[in-house]
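Residue numbers (the working numbering), protein chains in the order written: chain A, 1 to 344; chain B, 345 to 688. Notes follow the structure.
There are 2 protein chains.
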Amino acid sequence: MSSFKTIEWKDDKVVMIDQRKLPGEETYIECGTYEEVAEAIRKMVIRGAPAIGVAAAMGIAIGALKTDSGGRDEFFSQVKSISEALKGTRPTAVNLFWAADRMQRVLDNSAKDVEGIKQDLVLEAKRVLEEDIETCKRLGRLGSDLLEDGMTVLTHCNAGALATGGYGTALGVIRAASEVGKDIKVIATETRPFLQGARLTAWELDRDGIPVSLITDSMVGHIMSKGMVDAVVLGADRVASNGDVANKIGTYMISVLAKSHGIPFYVAAPVSTIDYECPDGASIPIEERDRKEVTHIRGHRIAPDVAVFNPAFDITPGDNVSSIITESGIAEKPFTSTLKDLKK
Amino acid sequence: MSSFKTIEWKDDKVVMIDQRKLPGEETYIECGTYEEVAEAIRKMVIRGAPAIGVAAAMGIAIGALKTDSGGRDEFFSQVKSISEALKGTRPTAVNLFWAADRMQRVLDNSAKDVEGIKQDLVLEAKRVLEEDIETCKRLGRLGSDLLEDGMTVLTHCNAGALATGGYGTALGVIRAASEVGKDIKVIATETRPFLQGARLTAWELDRDGIPVSLITDSMVGHIMSKGMVDAVVLGADRVASNGDVANKIGTYMISVLAKSHGIPFYVAAPVSTIDYECPDGASIPIEERDRKEVTHIRGHRIAPDVAVFNPAFDITPGDNVSSIITESGIAEKPFTSTLKDLKK
Chain A
1 MSSFKTIEWK
11 DDKVVMIDQR
21 KLPGEETYIE
31 CGTYEEVAEA
41 IRKMVIRGAP
51 AIGVAAAMGI
61 AIGALKTDSG
71 GRDEFFSQVK
81 SISEALKGTR
91 PTAVNLFWAA
101 DRMQRVLDNS
111 AKDVEGIKQD
121 LVLEAKRVLE
131 EDIETCKRLG
141 RLGSDLLEDG
151 MTVLTHCNAG
161 ALATGGYGTA
171 LGVIRAASEV
181 GKDIKVIATE
191 TRPFLQGARL
201 TAWELDRDGI
211 PVSLITDSMV
221 GHIMSKGMVD
231 AVVLGADRVA
241 SNGDVANKIG
251 TYMISVLAKS
261 HGIPFYVAAP
271 VSTIDYECPD
281 GASIPIEERD
291 RKEVTHIRGH
301 RIAPDVAVFN
311 PAFDITPGDN
321 VSSIITESGI
331 AEKPFTSTLK
341 DLKK
Chain B
345 MSSFKTIEWK
355 DDKVVMIDQR
365 KLPGEETYIE
375 CGTYEEVAEA
385 IRKMVIRGAP
395 AIGVAAAMGI
405 AIGALKTDSG
415 GRDEFFSQVK
425 SISEALKGTR
435 PTAVNLFWAA
445 DRMQRVLDNS
455 AKDVEGIKQD
465 LVLEAKRVLE
475 EDIETCKRLG
485 RLGSDLLEDG
495 MTVLTHCNAG
505 ALATGGYGTA
515 LGVIRAASEV
525 GKDIKVIATE
535 TRPFLQGARL
545 TAWELDRDGI
555 PVSLITDSMV
565 GHIMSKGMVD
575 AVVLGADRVA
585 SNGDVANKIG
595 TYMISVLAKS
605 HGIPFYVAAP
615 VSTIDYECPD
625 GASIPIEERD
635 RKEVTHIRGH
645 RIAPDVAVFN
655 PAFDITPGDN
665 VSSIITESGI
675 AEKPFTSTLK
685 DLKK
């Protein structure tokens, strides 16, 4: 496990490490309302598809807990609008919708009174967190078999403890390999514009004693051409049913480079990240974020006031993916059939 | 021409726009000694292979002018050590050595006395600047034929007026196309770690009225996959005799992406950038720069104190290059023979 807590439920509050302040400050913020949780997701206090799923579940629970309506119908409709507010925070991560659906099932299947359902929602949100950690550990153990002693693994963005309940998907695979004594070194891309690699992955691995070297995104091709990368392992924000992967902007570029250098390219993601309703990558909405993320870095202007593109994610065709590592097994091509087999 | 002066000789001083301060401040620094010029090159007040060549020539001239020895032999040996100091500032750009050789030829071929040679060195340095501008204009005109009206061109780093005497190589091609009325749009990569794209290319094009959009380096693959790029045009710090190109880190990555998307990849560089003594890219020394360029941005820490790679350049194999645009003609494959034909 990581040596810090990404998100937890504490005294009817949602406590999160403020990922915007890392690595400079390790501070935690408390959300006492669902609006605060939604704002934390939108402002990227917490990010990473699985962590967003946990936060959304806890946001719905805290929102439900704080409603003061008496009747079941009114309560149900209030929870529905809380759920919609949380689902509207970020469009690409499917775990958000998965978590909201899961909370909705508690409502749908409960015969209890409002107070009873409130407690069940809180229990369910806590369960989402616990299960996420167990899922990542299982996924990590399975994936670690793909990594050999002495390998150098390149990762992009942060698919670590900070992106999940506390163990990580891509970094969970690396953690698990390290835990069984394999000597694994990591090369982390800084991941502009939001610098999740420089700020979060480098911090998380360094803190947990896993050797990490930092590069700019522009160095990936050069580093690969020098034979310095044995495998790529990274996460996913959404996997389409054909194996196309939506993940942090830059992932597609890395997949093309890995392919051209004959380096295996592994995607690590829980089954909850697979969107079986989604036929392919072209159907996944790509969030366009604030232009200031490109023209400014950490609040400091680096560019004149020119036009900017700022897609937060890109689509990697399944064809560029060697394997998709999940807690239920490792899917190989053709993904259209192998991903179906993982469905619970 | 650009609407600002990158470098000029003024009242026996070398005046340069301080490129570290752009785009926030447009300030100019005056170098009155060769040591100040060497420091300006090392600290990247001025950068870009052709501009470094001009700065080195002017640095040698100013150093020679300020010597106070009487004898020819002593003067020659002092100029030699001044020249060595300037050649030691940055290892990759071949124009530095080219400019120093050119100044040396003034010494070798002159029968004048020391005062006369000093004036000839100043004249030669001024000529290096004027010729660079003429060279870039010729190169730009030739290269502009490769760009069609309505094209969007992706460029990396800054191979513009700021990287040369005042017109640009890659941006010279774009300037020339714009000057004949073609509607050319530019996508500039920000070019981490030193942000030459965000700070310099975006500033330069915006100031000169050429439409430019800024992206992070991680977006190149995505933007290409969306069909948004018609051609890549960028510069070179050194071209080996087989057509391998040393250029800003990230260039190789862009070349692989361009190839995989069927997008033409043009390198624009004056003949002085071709190193005929150098057989291939593997023989070109790659400068490794300060780790703080990666862990910090504009002085602000963005990463914990972990290991870092920071190669300033990478090698693009000639095989990934569509054409090399020079002032003497456009070289196509096989470069080993076509580059030889350009030799003056």
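Every residue gets a Cβ at the ideal spot worked out from N, C-alpha and C, and that includes glycine. Computed from a prediction, not measured in an experiment: that's the story for all the values here.
Within chain B, the residues that residue i reaches when beta carbons sit closer than 9 angstroms
{"i": "glycine 235 of chain A", "result": "Correct list: empty, because the minimum Cβ distance to chain B is about 15 angstroms."}
{"i": "phenylalanine 265 of chain A", "result": "The premise fails here: phenylalanine 265 of chain A is roughly 13 angstroms from chain B at the closest Cβ pair, so nothing lies under 9 angstroms."}
Chain-ordered chain B contacts of residue i [CB-CB under 7 angstroms]
{"i": "alanine 312 of chain A", "result": "Correct list: empty, because the minimum Cβ distance to chain B is about 10 angstroms."}
{"i": "methionine 44 of chain A", "result": "Here the premise fails: no neighbours, minimum Cβ distance about 15 angstroms."}
{"i": "proline 193 of chain A", "result": "Thr560"}
{"i": "aspartate 206 of chain A", "result": "Pro648 and Val650"}
Proximal residues of chain B, C-beta to C-beta of residue i below 8 angstroms
{"i": "valine 321 of chain A", "result": "By Cβ distance, chain B contributes nothing, its closest Cβ being about 14 angstroms from valine 321 of chain A, past 8 angstroms."}
{"i": "tryptophan 203 of chain A", "result": "Ala647 and Pro648"}
{"i": "serine 213 of chain A", "result": "Val650, Ala651, Val652 and Phe653"}
{"i": "isoleucine 249 of chain A", "result": "Thr560, Ser562, Met563 and His566"}
{"i": "valine 229 of chain A", "result": "Residues of chain B passing the Cβ test: none, with the nearest at roughly 11 angstroms."}
{"i": "aspartate 183 of chain A", "result": "Within 8 angstroms Cβ-Cβ: nothing; aspartate 183 of chain A doesn't reach chain B, min ~15 angstroms."}
Per-residue DSSP class, three states only, for residue i
{"i": "serine 323 of chain A", "result": "strand"}
{"i": "asparagine 310 of chain A", "result": "coil"}
{"i": "valine 267 of chain A", "result": "strand"}
{"i": "valine 556 of chain B", "result": "strand"}
{"i": "glutamate 130 of chain A", "result": "helix"}
{"i": "methionine 572 of chain B", "result": "coil"}
{"i": "aspartate 619 of chain B", "result": "strand"}
{"i": "alanine 188 of chain A", "result": "strand"}
{"i": "glycine 392 of chain B", "result": "coil"}
{"i": "cysteine 31 of chain A", "result": "strand"}
{"i": "arginine 222 of chain A", "result": "Reading off the sequence, residue 222 of chain A comes out as histidine, not arginine. It is helical."}
{"i": "glutamate 369 of chain B", "result": "coil"}
{"i": "valine 294 of chain A", "result": "helix"}
{"i": "threonine 152 of chain A", "result": "strand"}
{"i": "glycine 160 of chain A", "result": "strand"}
{"i": "lysine 462 of chain B", "result": "helix"}
{"i": "alanine 626 of chain B", "result": "helix"}
{"i": "asparagine 109 of chain A", "result": "helix"}
{"i": "isoleucine 330 of chain A", "result": "strand"}
Sub-8 angstroms separation of residue i and residue j beta-carbons
{"i": "threonine 169 of chain A", "j": "alanine 177 of chain A", "result": "no"}
{"i": "leucine 22 of chain A", "j": "leucine 200 of chain A", "result": "yes"}
{"i": "alanine 303 of chain A", "j": "leucine 578 of chain B", "result": "no"}
{"i": "threonine 152 of chain A", "j": "aspartate 230 of chain A", "result": "yes"}
{"i": "proline 268 of chain A", "j": "valine 173 of chain A", "result": "Rather than proline, the amino acid found at residue 268 of chain A in this sequence is alanine. Contact flag set, yes."}
{"i": "glycine 160 of chain A", "j": "aspartate 132 of chain A", "result": "no"}
{"i": "lysine 470 of chain B", "j": "tryptophan 353 of chain B", "result": "yes"}
{"i": "arginine 642 of chain B", "j": "histidine 300 of chain A", "result": "yes"}
{"i": "lysine 182 of chain A", "j": "leucine 205 of chain A", "result": "no"}
{"i": "proline 537 of chain B", "j": "asparagine 654 of chain B", "result": "yes"}
{"i": "arginine 47 of chain A", "j": "glutamine 19 of chain A", "result": "yes"}
{"i": "valine 15 of chain A", "j": "glutamate 30 of chain A", "result": "yes"}
{"i": "valine 389 of chain B", "j": "valine 212 of chain A", "result": "no"}
{"i": "glutamate 327 of chain A", "j": "threonine 135 of chain A", "result": "yes"}
{"i": "glycine 484 of chain B", "j": "tyrosine 511 of chain B", "result": "yes"}
{"i": "valine 576 of chain B", "j": "isoleucine 528 of chain B", "result": "no"}
{"i": "threonine 535 of chain B", "j": "valine 294 of chain A", "result": "no"}
Sequence-distant residues of its chain with Cβ nearer than 7 angstroms to residue i (five each side left out)
{"i": "alanine 444 of chain B", "result": "Ala400, Ile404, Ser427, Leu430 and Lys431"}
{"i": "leucine 465 of chain B", "result": "Ile404, Ala405, Ala408, Met447 and Val450"}
{"i": "asparagine 664 of chain B", "result": "Ser599, Val600, Lys603 and Phe609"}
{"i": "serine 144 of chain A", "result": "Val173, Ala176, Ala177 and Val180"}
{"i": "alanine 675 of chain B", "result": "Ser667, Ile668, Thr682, Leu683 and Leu686"}
{"i": "lysine 309 of chain B", "result": "Outside the shown range of chain B, which is 345 to 688, sits residue 309 of chain B, and nothing can be said about it."}
{"i": "asparagine 95 of chain A", "result": "Ala49, Pro50, Ile52, Gly53, Ser272 and Thr273"}
Presumed contact (8 angstroms Cβ cut-off) between residue i and residue j, rounded CB distance
{"i": "isoleucine 249 of chain A", "j": "serine 599 of chain B", "result": "Not a contact, Cβ separation roughly 20 angstroms."}
{"i": "alanine 437 of chain B", "j": "alanine 382 of chain B", "result": "That belief does not hold up - the Cβ atoms of alanine 437 of chain B and alanine 382 of chain B are roughly 14 angstroms apart, past 8 angstroms."}
{"i": "glycine 243 of chain A", "j": "threonine 336 of chain A", "result": "7 angstroms"}
{"i": "arginine 582 of chain B", "j": "aspartate 552 of chain B", "result": "Going by Cβ atoms, the distance from arginine 582 of chain B to aspartate 552 of chain B rounds to 27 angstroms, so no, they are not a contact pair."}
{"i": "phenylalanine 75 of chain A", "j": "threonine 67 of chain A", "result": "6 angstroms"}
Same chain only: Cβ atoms within 6 angstroms of residue i, ignoring 5 sequence neighbours per side
{"i": "glutamate 523 of chain B", "result": "none"}
{"i": "alanine 236 of chain A", "result": "Val245, Asn247, Val267, Ala269 and Thr273"}
{"i": "glutamine 196 of chain A", "result": "Cys157 and Asn158"}
{"i": "glycine 318 of chain A", "result": "Asn242, Gly243, Asp244 and Phe335"}
Under 7 angstroms by beta carbon: chain A residues contacting residue i
{"i": "proline 367 of chain B", "result": "Ala303 and Pro304"}
Contacts that residue i makes with chain A (C-beta to C-beta distance below 8 angstroms)
{"i": "arginine 642 of chain B", "result": "Ile297, His300 and Ile302"}
{"i": "tyrosine 596 of chain B", "result": "Gly221, His222 and Ser225"}
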